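Numbering (the numbering used here), first residue to last: 1 to 453. Even glycine gets a Cβ: it sits at the ideal position worked out from N, Cα and C. Quick caveat, the model's predicted, so the values are computed rather than measured.
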């Protein structure tokens with residue numbers, strides 16, 4: 001079954017009208033953020049429909065809280081009394097998950113392994129935040145490489161990370177040295193000088209199917225070889241996004257990523273797939289599976305509700321790796337128990353409703369609609385692309401992208417997000433229906449006609 005909407009219970013008010021009326025102003029007065037002028041009604045919503053608590057205005061939501069709501073709004077599985085009771089029980093106390101066992105965490109770990117786990121990556125680590133997931137993947141790699149060097153009799157620390165241009169891996173600690181999208185996010189912060197290679201993203205089309213490496217891919221691979229020659233055993237890992245989301249929904253060809261993976265294996269360098277954005281969105285549990293890759297570590301978050309890393313493959317060559325040696329990686333809470341309860345229900349719903357298969361079908365429809373849109377507005381748009389439900393189009397002029405997002409929201413009550421310097425992204429839930437995709441594209445079509453007028 002694909003998620004056809006069932007009727008849901010009448011919403012119960014959780015906020016007084018005066019609180020709703022002033023919520024945006026209250027937050028803007030003292031809390032850092034980039035708020036839309038919307039107050040989310042947590043008790044309402046249906047599929048891709050989000051309701052403003054202040055006046056009941058409904059929006060067609062193609063953002064899903066930056067792609068972190070895989071079942072959309074108001075899904076019946078998240079409204080039944082049994083689930084709500086489990087949430088309440090888990091919310092009464094916030095245990096230190098790395099140190100105190102609960103049935104709820106065990107249930108989540110078992111469900112995670114069954115629904116989205118990889119048998120080749122049996123080790124799990126949970127934490128709050130995608131950046132901290134990547135951060136701890138890097139720590140595992142530093143630990144691993146240094147121990148591998150010691151095993152070979154080479155007293156060199158594995159302390160460098162090979163990474164790509166236009167990457168976004170977070171805004172904390174080590175990840176700041178990898179992120180290089182919007183300069184505002186990293187300007188004037190101290191960072192490590194780690195080797196960065198070109199990111200040869202290819203727009204889907206004729207060149208995508210070319211056998212062998214394209215010239216720009218060969219140049220990037222040569223840059224990786226040069227970095228490995230220069231830094232040798234100091235390089236602990238290569239980290240990549242299967243699709244560079246924040247950088248502009250930039251698609252890297254499997255042939256290129258496979259070539260870098262082979263190079264890393266030759267040099268005892270771990271590969272780290274940052275799937276915080278792509279996990280659960282590419283029509284399968286993980287985009288690396290679709291691309292034919294075998295990462296040693298995978299960082300996850302967003303749609304999984306709980307952030308963390310999966311580890312295995314070459315990591316297991318060191319028995320006392322950072323997953324196994326006490327206190328090498330840890331945190332007080334090790335993820336949030338309430339999030340684990342919600343994640344368990346979401347993952348079981350994905351499994352029961354076969355939502356990965358459904359999302360593949362809807363992703364094909366989305367791409368067809370984007371192709372049609374670009375064909376109708378060639379003077380405004382270019383480069384329609386999608387992997388599963390991770391869709392985007394590029395605007396020929398960046399200012400038109402920003403205008404389109406504003407007009408779609410204000411006039412057509414449809415929410416989109418920017419991607420990179422010139423693209424607009426679609427991030428519908430796994431439950432999205434064909435009618436909702438059609439409505440979103442039609443709203444954008446009307447918006448573009450107004451811009452073009």
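Check your understanding: Are three or more beta carbon pairs between the stretch 170 to 184 and the stretch 122 to 132 nearer than 8 Å?
Key -> yes
Review point. Rounded to a whole number of angstroms, what is the C-alpha to C-alpha distance between residue 91 and residue 112?
Key: Stepping through the chain shown from its first residue, residue 91 is reached at position 91. Stepping through the chain shown from its first residue, residue 112 is reached at position 112. When rounded, the distance between both Cα atoms is 20 Å.
Point to revise | Start-end ranges of the alpha helix (DSSP H) lying completely within the stretch 130 to 203, minimum 4 residues | key: 130 to 151
Check your understanding: Are there three or more Cβ pairs, one per stretch, closer than 8 Å when the stretch 363 to 378 is compared with the stretch 134 to 152?
Key -> no
Check your understanding: Among 44, 94, 93 and 309, which one has its Cα closest to the Cα of residue 75?
Key -> Locating residue 75 in the chain shown gives position 75, counting from the first residue. That would be 44, whose Cα lies nearest to the Cα of residue 75.
Check your understanding: Residues in its own chain within less than 8 Å of residue 194 by CB, not counting five upstream and five downstream?
Key -> Along the chain shown, one-based indexing puts residue 194 at 194. Excluding positions up to five away in sequence, the list reads 160, 161, 162, 163, 177 and 178.
Practice item. Count the other CB atoms, across all protein chains shown, that sit within 10 Å of the CB of residue 392; report buried if there are 16 or more and exposed otherwise. Key: For the purposes of this step, residue 392 is identified with residue 392 of the chain shown, where counting begins at 1. The residue is buried, with at least 16 neighbouring Cβ atoms inside 10 Å.
Check your understanding: Which term fits residue 352, buried or exposed, when burial requires 16 or more other beta carbons within 10 angstroms of its beta carbon?
Key -> Counting from one through the chain shown, the residue named residue 352 turns up at place 352. Classification of residue 352: exposed, given that the 10 Å Cβ count is below 16.
Point to revise | Length of the line joining the Cα atoms of residue 318 and residue 145 | key: What you label residue 318 is simply residue 318 of the chain shown in a count that begins at 1. What you label residue 145 is simply residue 145 of the chain shown in a count that begins at 1. One C-alpha to the other measures close to 9 Å.
**Study point:** Alpha carbon of residue 228 to alpha carbon of residue 235, nearest angstrom
**Key:** Your numbering for residue 228 matches position 228 in the chain shown. Your numbering for residue 235 matches position 235 in the chain shown. The alpha-carbon atoms of residue 228 and residue 235 are separated by roughly 7 Å.
Review point. Where does residue 440 land, buried or exposed, given buried means 16+ other C-beta within 10 angstroms?
Key: As a working mapping, residue 440 is identified with position 440 in the chain shown. Label assigned to residue 440: buried.
Point to revise | residue 435 - DSSP class collapsed to helix/strand/coil | key: By 1-based counting over the chain shown, the position of residue 435 is 435. Of the three classes helix, strand and coil, the one that applies to residue 435 here is helix, per DSSP.
Review point. How long is the line joining the alpha carbons of residue 25 and residue 345, rounded to whole angstroms?
Key: As a first step, residue 25 must be located in the chain shown, where it is residue number 25. As a first step, residue 345 must be located in the chain shown, where it is residue number 345. Roughly 34 Å between the two C-alpha positions.
Check your understanding: Measuring CB to CB, does residue 252 end up less than 8 Å from residue 388?
Key -> Start at 1 with the first residue of the chain shown, and residue 252 comes out as number 252. Start at 1 with the first residue of the chain shown, and residue 388 comes out as number 388. No, the Cβ-Cβ distance between residue 252 and residue 388 is not below 8 Å.
Exercise for review: Take the Cβ of residue 94 as the centre, count every other Cβ of all protein chains shown within 10 Å, and call the residue buried at 16 or more, exposed below.
Suggested key: Translated into positions along the chain shown, residue 94 becomes position 94. Exposed, since its Cβ has fewer than 16 Cβ neighbours within 10 Å.
Check your understanding: CB-CB under 7 Å to residue 5, same chain, minus the five flanking residues each way: which ones, in chain order?
Key -> Reading the chain shown from its first residue, position 5 is the one you call residue 5. Caution is warranted here: a pLDDT of 47 is assigned to residue 5, below 50, making its placement in the model unreliable, and no coordinate value can be reported.
Practice item. Measure the C-alpha to C-alpha separation of residue 354 and residue 62 and round it to an integer number of angstroms. Key: Translated into positions along the chain shown, residue 354 becomes position 354. Translated into positions along the chain shown, residue 62 becomes position 62. Computed Cα separation, rounded: 21 Å.
Check your understanding: Does the stretch 308 to 325 come close enough to the stretch 286 to 300 to have 3 or more Cβ pairs within less than 8 Å?
Key -> yes
Check your understanding: For residue 80, which option in 448, 342 and 418 has the closest C-alpha, if you only look at C-alpha atoms?
Key -> Translated into the one-based positions of the chain shown, residue 80 becomes position 80. Residue nearest to residue 80 within the set 448, 342 and 418 is 342 (criterion: CA-CA distance).
**Study point:** Selection from 41, 18, 314 and 269 that minimises the alpha carbon distance to residue 237
**Key:** As a position in the chain shown, residue 237 is number 237, starting the count at 1. Checking every option, the nearest Cα to that of residue 237 belongs to 269.
Review point. Apart from the five residues just before and just after residue 421, which ones in its own chain have a Cβ nearer than 8 Å to its Cβ?
Key: In the chain shown, residue 421 corresponds to position 421, counting from 1. Answer for residue 421: 248 and 398, listed in chain order.
Point to revise | For residue 83 and residue 89, believed in contact at Cβ under 8 Å, the rounded distance | key: Taking the chain shown and counting its residues from 1, the one referred to as residue 89 is at position 89. Taking the chain shown and counting its residues from 1, the one referred to as residue 83 is at position 83. That belief does not hold up - the Cβ atoms of residue 89 and residue 83 are roughly 11 Å apart, past 8 Å.
Practice item. Under 8 Å Cβ to Cβ from residue 385, same chain only, skipping five residues before and after it: list those, please. Key: Here residue 385 corresponds to residue number 385 of the chain shown, with the count starting at 1. Hits under 8 Å: 203, 204, 249, 251, 367, 370, 391, 392 and 393.
Check your understanding: Roughly how many angstroms separate the alpha carbons of residue 448 and residue 380, rounded to a whole number?
Key -> As a working mapping, residue 448 is identified with position 448 in the chain shown. As a working mapping, residue 380 is identified with position 380 in the chain shown. So the alpha carbons of these two residues sit roughly 8 Å apart.
Review point. For the candidate residues 315, 450, 206 and 417, whose alpha-carbon lies nearest to that of residue 34?
Key: Within the chain shown, residue 34 is the residue found at index 34, counting from 1. Closest by alpha carbon: 417.
Review point. Who are the near neighbours of residue 338 in its chain, counting only those whose CB is closer than 7 Å to its CB and skipping five residues on each side?
Key: The count along the chain shown starts at 1 and reaches residue 338 at position 338. Taken in chain order, the residues that qualify are 87, 90 and 91.
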